[in-house]
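Visitor:
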Amino acid sequence: MFFDDPVTAWAHIRSEVVYDADLSIVCWCAASENGWASIPMRAARDILELQNVKQAPVGTPGPFAWADPAYFAPILEQAGWRDLSWEVVERPAMFTTGDNPDPVERAVDFTMRVGILARHLKGKPPELRARVAVALREVFGNYIEGDAVYVPTKAWVVKGKG
Numbered sequence: 000m001f002f003d004d005p006v007t008a009w010a011h012i013r014s015e016v017v018y019d020a021d022l023s024i025v026c027w028c029a030a031s032e033n034g035w036a037s038i039p040m041r042a043a044r045d046i047l048e049l050q051n052v053k054q055a056p057v058g059t060p061g062p063f064a065w066a067d068p069a070y071f072a073p074i075l076e077q078a079g080w081r082d083l084s085w086e087v088v089e090r091p092a093m094f095t096t097g098d099n100p101d102p103v104e105r106a107v108d109f110t111m112r113v114g115i116l117a118r119h120l121k122g123k124p125p126e127l128r129a130r131v132a133v134a135l136r137e138v139f140g141n142y143i144e145g146d147a148v149y150v151p152t153k154a155w156v157v158k159g160k161g
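Quick note, the sequence shown lines up with residues 0 to 161 if you use numbering that gives the first Met the number 0.
1. Which residue wins for smallest C-alpha separation from A64, given the options A154, K160 and G140?
2. Going by the beta-carbon positions, is the gap between A30 and A36 smaller than 7 Å?
3. Would you give the residue range spanned by the beta strand (DSSP E) that W35 belongs to?
4. What is the rounded straight-line gap between the Cα of R13 and the Cα of G79?
5. Would you decide whether T110 is buried or exposed? Buried here means 16 or more other CB atoms lie within 10 Å of its CB.
6. Is the CB-CB distance between A92 and V148 below 7 Å?
7. In whole angstroms, what separates the C-alpha of F1 from that of L116?
8. Which word fits Y142, buried or exposed, when buried means at least 16 other C-beta atoms lie within 10 angstroms of its C-beta?
9. What residue from A72, V131, D45 and L47 has the CA that sits closest to V57's CA?
10. What did DSSP end up calling K89 once you bin it into helix, strand or coil?
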């Protein structure tokens, strides 16, 4: 999902494996279907005036570049991979980054440093960032299980043959 020329890159990978080798790829479905991206954005939307933010077009380098099989299936096929299949997998993801004992604070720290929301927070004044942190604390409180914050995720498992 980060290659400048994905067909060439995947063809090269294909050339490095034996005939009939198994292919397994896991890639995110759309941002809107992944809590680690969508939940923080919804929490901060009004504070940051992000009502009109659109998802990056399919194929734009990034974690959701391969969200649509109609986009990436032809890339793999042109690169020589065959017998492709897709399966959706939905699992909760745990925010575990950091050593703060408070699971909500770990989730807030992570989302303010990494991901879509972090990109929108760059260069914002501390007062605005503090308001976003309050909104995140409130929303992440709804996702605590045990000693962690878990959010829903959805990904593709792509399988094929080389």
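Glycine included, each C-beta is placed from N, C-alpha and C at the ideal position.
From a predicted model like this one, the values you see are computed outputs, not experimental measurements.
Guide: Looking at the atomic coordinates:
1. A154
2. yes
3. Per DSSP, W35 belongs to no beta strand (DSSP E); it is in the alpha helix (DSSP H), G34 to L47.
4. 7 Å
5. buried
6. no
7. 20 Å
8. buried
9. A72
10. The sequence given here has Glu at residue 89, not Lys. It is a strand residue.
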